[in-house]
Amino acid sequence: MIDPQAGATLAADSPALAPELDPLQAHFQEGIAPDEIEQVFHLKRAQPMLSAFTALFHGTQDGVLVRLLVLRELAGDTATSAFSRADINQKLAYLIPESLETVLNRLRSHGLLAWDAPAAVYRITPLARNVLSALETLLALGKPEDDDAEMGFLLSQVAGAQAVGGVTVDQLKHLLGRLIELTEEFRDAIASGSEFRLRTSQAKWHMACDWVEKGSVILRAITSDERADSATHRAAQAIGRAQSALLNMQGMFSRALNQIERQRVHLGQSGLSTTDVKRWLLAHDDLASLAADAIDRPVTPLFGTPAEMIDVAETELLAERVISTGPKGLPSGQDAPLTINDNPAMMVELNDWINKLADFANLGNFPEFSDVGPRKVQLHESLLPASFALASYRASLLPLLGDASEASLQGATADLARLPLTFEARDEMIALDDPEVAAMSIATLSINLDLPSDGTPNE
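Take our numbering: the last position of the sequence shown gets the number 1172, and nothing is skipped along the way.
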C-alpha cells in the first residue's frame, strides 16, 4: 500500500519524480511538463473558482438546475446574511428533504456555503456571490445562442473591467475574435448571392453596429489609459480596425441587394416576383399540405431499367417496317399564327411613369407643387391611384433611381436612373384606403439638389 500523503511529499522533495505523479501529465506529450505552459499556470491559480463551477455544473442537467435554484434563493435574500436549517427548510419547502440535504452538502464541501458551527447557521461565501454575479450578467442578456447576447456579454465584461482598471488582453481578444467571426459571416452571406440570407445578415449587422458604437467609447478610454501595457494597446487597436471593417460592409450589402433587385424576375404583369413566391412558400410549415385535394390520384412513377431498354431496342431493330409509298415532297407552307405583343403597352406605362417623375423633379407641371412647394412626396401618393399590377411595376423600378451603372446605358430605364430623385425606404408598412392596395412600405421620393435634371453630378 502507498500512502497518498507520502507520495505527495516524495513528489515535492524529488522534482524529477513530480511529473510522473502529476495526473495532468497524462494529457501532455512526453518531455513537456504542464507547468511549462503559461495557460496551465493561470488555470491552476484559479483552481478555487474552477472548483466552484465544477460543484455547480458537474452532473445531470436537473441536478445543475436544483443547485443553482438553492444558491440563488439563499443569495437573493438580503434581509439576513445567515440562515438556520429551519429557515432553509421553510424557504425551500417545495424541495424534498433528501434532495435539499444533498445540495447543501455539495455546496458546503466546495466552499459556496460556509457553516458557522457556534451559531449553527449557513452563510453565503464571497466566492458564491462572485460566481452568481457572473452568471446573472450572462443570463440577463438573453438566450446563449443569440448573437446579440454574445456581443453584449463580451462588451460588458470589457466595460466592467475597464471601469475598475483591470481589463485584460484575453478579454479584448475574445471581443476581437467575435468581431472577426461576424465579419467573415457577413462576407460569406454577400458572396452567396441569396437575398434572404443577405437580409438576415443585414439585420444582424445593424445589431452589431449598435454594439460597435458602444464599444468605441470603451476603446478610446483604453487607448488613452497610460496604465495599460503595450499588449493591451495593440489588442484595442486591432479591435478598432475590426470595427472599421465591420462598418464598411454597409456599402457591400447595398450593392449586393441592388444587384439582386436588377436581376429580379417578375411573373408576367401580376407585379409578383420569384422572391414573393419564395417568401410565401417559406411561410408554410408543411408544403405538402398545399397539394391536398389538388391531385385526384397519386402519381405512379415508371422506371426504365437496362433490361427493358434492351428489349425495346431489339424489338425496334427486328420489326418489319412498312415502307410508305406516298408523296415525299415538302408540305405546303402555312402562315404564322398571329400573336399579341404586350411590350408596346408596357413601354407606354414606363414612359408615362418617367414623365410623371420628371415633372416632379422639375417642380414644373404638377398643380399641387409650386416653386416653394414640397420637395419630398410619400411613395403611396406617387404610385397610386393605380391597379395592383401597375403599382407593383412602378415600385419595382424605383431602386434604379440614382444607379450609376444603369444611368450610363441607353434606353428608358437609363433615363429613369438619371432623374435627380432619391428613393428612401423603411422597414415599416402603412395601411391604405385603396381598392387595389391594402398596405405599402413607408418610403419617400425626394429631389436630389446635388444633381441636375440630366443626372450628372455638379462640378
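Glycine is no exception: its CB is placed at the ideal position from the N, C-alpha and C atoms.
Check, Outcome
"Pairwise C-alpha distance: Ser764 and Thr815", "17 Å"
"Buried or exposed by the 16-neighbour rule on C-beta atoms within 10 Å, applied to Glu749", "exposed"
"Sequence-distant residues of its chain with Cβ nearer than 8 Å to Ala1142 (five each side left out)", "A small fix is needed here, since residue 1142 is Met in this sequence, not Ala. Excluding residues within five positions, the ones whose Cβ falls inside 8 Å are Ala1152, Met1153, Ser1154 and Ile1155."
"Buried or exposed (CB count within 10 angstroms, at least 16 for buried), Ala1125", "exposed"
"For Ala1156, the three-state DSSP class (helix, strand or coil)", "strand"
"Simplified DSSP state of His979, which is helix, strand or coil", "strand"
"For Thr1135, the first and last residue of its enclosing beta strand (DSSP E)", "Leu1134 to Ala1144"
"DSSP three-state assignment for Asp999, whether helix, strand or coil", "coil"
"4 or more residues per run - each alpha helix (DSSP H) lying fully within the stretch 933-968", "943-960"
"Asp901 burial status per 10 Å Cβ neighbour count (16 or more: buried)", "exposed"
"Contacting residues, own chain, Cβ-Cβ under 6 Å from Gly1086 (five flanking each side not counted)", "In this prediction, Gly1086 has a pLDDT of 46, which is less than 50 and means its spatial position is unreliable; what the coordinates show is noted afterwards. Around Gly1086: no qualifying Cβ."
"Counted within 10 angstroms of its Cβ, other Cβ atoms place Ser937 as buried (16 or more) or exposed", "exposed"
"Spatially closest choice to Ala1138 from Gln1091, Glu1033, Asp775 and Arg910, by CA coordinates", "Gln1091"
"Cβ-Cβ distance between Ser1100 and Glu1149 below 7 Å", "yes"
"Spatial distance of Leu787 from Ala799 (CA atoms)", "13 Å"
"Minimum C-alpha distance to Arg1131 - residue among Gln950, Ala969 and Ala1071", "Ala1071"
"Reference Asp1116, options Leu1103, Arg1107, Pro1133 and Asn1068, closest by Cα", "Pro1133"
"Integer Cβ distance of Leu737 from Leu784, believed to fall under 8 Å", "Not a contact, Cβ separation roughly 29 Å."
"Outcome for Gln956 when other beta-carbon atoms lying within 10 angstroms are tallied against a minimum of 16", "buried"
"Met962 burial status per 10 Å Cβ neighbour count (16 or more: buried)", "buried"
"Pick from His1093, Ser1159, Leu1111 and Ala1102 that is closest to Ala1144, judged by C-alpha positions", "His1093"
"Cβ pair Leu817, Leu805 closer than 7 Å", "no"
"Whole-number beta carbon distance between Ser1109 and His979, since they are thought to touch under 8 Å", "7 Å"
"Neighbourhood of Gly906 by C-beta, 6 Å cutoff - its chain only, sequence neighbours within 5 removed", "none"
"Collapsed DSSP secondary structure at Arg780 in the structure displayed", "helix"
"Buried or exposed by the 16-neighbour rule on C-beta atoms within 10 Å, applied to His755", "exposed"
"Whole-angstrom distance between Ala1120 and Phe899, CA atom to CA atom", "29 Å"
"Burial state of Ile931 (16 or more Cβ within 10 Å)", "buried"
"Leu985 - DSSP class collapsed to helix/strand/coil", "coil"
"Ser914 classed as buried or exposed, judged by whether at least 16 other C-beta atoms fall within 10 angstroms", "buried"
"Under the three-state DSSP convention, the category Asp829 falls into", "strand"
"Inter-residue Cα distance where the pair is Pro1080 and Phe1073", "Below a pLDDT of 50, predicted positions are generally treated as unreliable, and Pro1080, at 43, falls in that range; the measurement from the model is reported next regardless. Approximately 10 Å, taken between the alpha carbons."
"Span separating the alpha-carbon of Arg912 from that of Val779", "41 Å"
"Exposed unless 16 or more other CB atoms sit within 10 angstroms - verdict on Asp1128", "buried"
"Distance, Thr1135 Cα to His771 Cα", "60 Å"
"Unbroken stretches of the alpha helix (DSSP H), 4 residues or longer, contained in the stretch 739-817", "751-758, 760-770, 774-788 and 798-804"
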